[in-house]
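Each residue of the sequence shown is one higher than the one before, starting from 311 at the first, in our numbering. Take a look at the structure set out below.
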Amino acid sequence: MKRLFKIILVLLSLFIGFILAFILLLQIFEYRPADITELQIEHPVSDSTENYVSLDSTLKILTFNTGYASLSQTEDFVMDGGSKGRMDSLTEVETNMSGIAGILERENADIYLLQEVDTDSSRSYNTNQYEYYQNILGTSSVLAYNYRCIFVPFPFNPSQMMGKVNSGIVTYTDLYSENPIREQLPGSFSWPIRLAQLKRAILISRFPIASSDKELIVINVHMSAYDDGSLRELQTQALQEVVQTETDAGNYVIVGGDFNQTLPGAVDITYDSSTDSYTYDYLYELKEDTTWTAPPIDADWFIDNHYQFGVDTTNPTCRLLNHPYDTENENNNQYYVIDGFIVSQNITIQNIHTLDEDFKYSDHNPVVIEIKLN
Numbered sequence: 311m312k313r314l315f316k317i318i319l320v321l322l323s324l325f326i327g328f329i330l331a332f333i334l335l336l337q338i339f340e341y342r343p344a345d346i347t348e349l350q351i352e353h354p355v356s357d358s359t360e361n362y363v364s365l366d367s368t369l370k371i372l373t374f375n376t377g378y379a380s381l382s383q384t385e386d387f388v389m390d391g392g393s394k395g396r397m398d399s400l401t402e403v404e405t406n407m408s409g410i411a412g413i414l415e416r417e418n419a420d421i422y423l424l425q426e427v428d429t430d431s432s433r434s435y436n437t438n439q440y441e442y443y444q445n446i447l448g449t450s451s452v453l454a455y456n457y458r459c460i461f462v463p464f465p466f467n468p469s470q471m472m473g474k475v476n477s478g479i480v481t482y483t484d485l486y487s488e489n490p491i492r493e494q495l496p497g498s499f500s501w502p503i504r505l506a507q508l509k510r511a512i513l514i515s516r517f518p519i520a521s522s523d524k525e526l527i528v529i530n531v532h533m534s535a536y537d538d539g540s541l542r543e544l545q546t547q548a549l550q551e552v553v554q555t556e557t558d559a560g561n562y563v564i565v566g567g568d569f570n571q572t573l574p575g576a577v578d579i580t581y582d583s584s585t586d587s588y589t590y591d592y593l594y595e596l597k598e599d600t601t602w603t604a605p606p607i608d609a610d611w612f613i614d615n616h617y618q619f620g621v622d623t624t625n626p627t628c629r630l631l632n633h634p635y636d637t638e639n640e641n642n643n644q645y646y647v648i649d650g651f652i653v654s655q656n657i658t659i660q661n662i663h664t665l666d667e668d669f670k671y672s673d674h675n676p677v678v679i680e681i682k683l684n
């Protein structure tokens with residue numbers, strides 16, 4: 311009995327030692343970006359007025375959370391109530407990459423704002439999606455990493471562990487832009503969870519305008535998802551400060567991306583003064599088995615400060631990954647409207663449309679906006 315006890319004690323000590331050593335390794339190699347990081351534009355467009363934004367023309371901008379080309383119709387995801395952390399094969403990832411690239415080509419936008427683009431991640435079989443889309447589009451590109459970890463030990467099923475992750479948000483354009491920066495968003499999960507979590511940020515690109523001393527500021531955003539809502543509040547407040555600074559300078563500002571918060575038009579908010587509480591009536595009703603909610607964004611501040619929301623509620627922009635997409639009965643799917651745009655008042659929104667791609671290649675649908683600078 312003593313011998314068995316010693317064996318168990320040794321094995322337990324080895325296991326605890328391994329866990330502590332692994333956490334120490336994550337701590338040493340934790341991604342620690344600066345608050346502001348100057349970024350490099352790949353394949354830059356020449357600095358000539360013919361490549362500048364024009365006050366006279368319509369600009370088409372597309373935002374699309376591509377789900378690292380791994381969250382298509384067949385997939386679920388462990389954080390949403392499913393069980394998976396990666397696709398079953400490289401072939402499936404490549405099929406999704408090709409499908410996503412086809413959408414981007416077809417839409418022929420002036421500016422593309424993509425989220426969840428992998429460069430060298432185990433979960434997407436080490437595909438370089440950033441370069442792949444750039445080669446297809448033939449535009450300039452800039453990447454801001456928001457997820458870098460030497461090994462994400464989740465989910466705990468060894469065949470589904472995400473492993474090494476290198477991923478970020480990307481802006482592609484055939485217009486001349488300059489001085490892109492990555493600005494860190496506030497808030498983080500507690501230690502040690504944060505060691506293998508995303509480091510949320512915005513990607514700010516500056517576009518000179520022909521015959522003007524002002525700029526078009528395009529902000530690519532992807533906010534937190536699996537917090538209690540408090541991180542998203544902090545990040546929204548930080549975004550408000552950025553856009554206010556730029557509009558105070560007289561610039562044109564458009565923010566696009568995945569806010570992970572329900573956007574105006576997709577939720578009715580009722581305040582009960584007797585209980586000092588709010589109730590939310592979502593356009594896409596939350597189902598009983600829903601494991602994730604997207605709280606409403608603080609729209610009041612933006613509206614009070616004369617910003618516009620570019621939102622199309624005709625089609626959902628995101629689905630829950632608690633199970634594979636049900637193409638036969640869409641009532642079994644949980645939908646959200648969390649992707650869209652925020653636009654300064656000196657810009658006219660001419661059209662806003664969520665593309666109904668039926669979540670074929672990603673758990674998000676692309677959203678396209680057409681704008682004109684006033």
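Beta carbons: idealized from backbone N, C-alpha and C, even for Gly. Since the structure is predicted, the reported quantities are computational estimates derived from the model, not experimental observations.
> With a Cβ-Cβ cutoff of 8 Å, do Thr572 and Ile607 count as a contact?
Replying inline: For Thr572 and Ile607, yes; Cβs fall inside 8 Å.
> Rounded to a whole number of angstroms, what is the C-alpha to C-alpha distance between Phe315 and Phe466?
Replying inline: 27 Å
>> Quick check: what's the CA-CA separation for Asp538 versus Thr555?
In response: 28 Å
> Is DSSP giving Asn530 helix, strand or coil here?
Replying inline: strand
> Val565: which of Val678, Ala535, Gly412 sits nearest, CA to CA?
Replying inline: Val678
> Helix, strand or coil: how does DSSP classify Glu640 here?
Replying inline: Helix.
> Which of the three DSSP states, helix, strand or coil, is assigned to Ser380?
Replying inline: In the three-state scheme derived from DSSP, where H, G and I count as helix and E and B as strand, Ser380 is classed as coil.
> In angstroms, rounded to a whole number, what distance separates the CA positions of Gly395 and Asp366?
Replying inline: 46 Å
> Less than 8 Å separating the beta-carbons of Lys509 and Asn456?
Replying inline: yes
>> As an exercise, report each continuous beta strand (DSSP E) stretch of at least 3 residues that is fully enclosed by the region 555-640, in chain order.
In response: Listed in chain order, they are 562-568, 577-582, 587-592, 618-620.
> Considering only residues of the same chain and omitting the five flanking positions on each side of Asn570, which have a CB-CB separation below 8 Å?
Replying inline: His532, Met533, Ser534, Ala535, Arg542, Ala604, Ile648
> So, helix, strand or coil for Val744, using DSSP?
Replying inline: Coverage of the chain is limited to positions 311 through 684, which leaves residue 744 absent and any answer about it impossible.
>> Looking at the secondary structure, which residues open and close the beta strand (DSSP E) in which Phe315 lies?
In response: Premise fails: Phe315 lies in the alpha helix (DSSP H), 312-338, not in any beta strand (DSSP E).
> Between the C-alpha atoms of Glu404 and Val621, what's the straight-line distance to the nearest angstrom?
Replying inline: 30 Å
> Do the CB positions of Ile514 and Ile491 come within less than 8 Å of each other?
Replying inline: Yes, Cβ-Cβ distance for Ile514 and Ile491 is below 8 Å.
> With DSSP run on the structure shown, which of helix, strand or coil describes Asp390?
Replying inline: helix
> In whole angstroms, what is the alpha-carbon distance linking Ser477 and Leu336?
Replying inline: 17 Å
> Would you report the Cα separation of Gly560 and Leu683, rounded to the nearest angstrom?
Replying inline: 12 Å
> On the premise that Leu447 lies in contact with Leu414, defined as a C-beta separation below 8 Å, what is that separation, rounded to the nearest angstrom?
Replying inline: 6 Å
> Hey, quick one: how far does the beta strand (DSSP E) through Gly650 stretch, first residue to last?
Replying inline: 649-653
>> Since Tyr486 and Ser587 should fall inside the 8 Å C-beta cutoff, what is the C-beta to C-beta distance between them, to a whole number of angstroms?
In response: In fact, because the Cβ distance is near 50 Å, the residues do not count as touching under 8 Å.
> To which residues of the same chain is Val363 closer than 8 Å at the C-beta, ignoring the five residues directly before and after it?
Replying inline: Cβ within range, chain order: Leu369, Leu485, Phe517, Pro518, Ile519, Ala520, Leu526, Leu683.
> So the alpha helix (DSSP H) Asn406 belongs to, where does it begin and stop?
Replying inline: 400-417
> What are the residues that DSSP puts in a beta bridge with Asn375?
Replying inline: Gln425
> For Ser399, is the classification buried or exposed, using 16 other Cβ atoms within 10 angstroms of its Cβ as the cut-off for buried?
Replying inline: exposed
> Are the region 371-381 and the region 422-431 touching, with three or more C-beta to C-beta distances below 8 Å?
Replying inline: yes
> Quick one: complete alpha helix (DSSP H) runs, 4+ long, within the region 434-461?
Replying inline: 439-447
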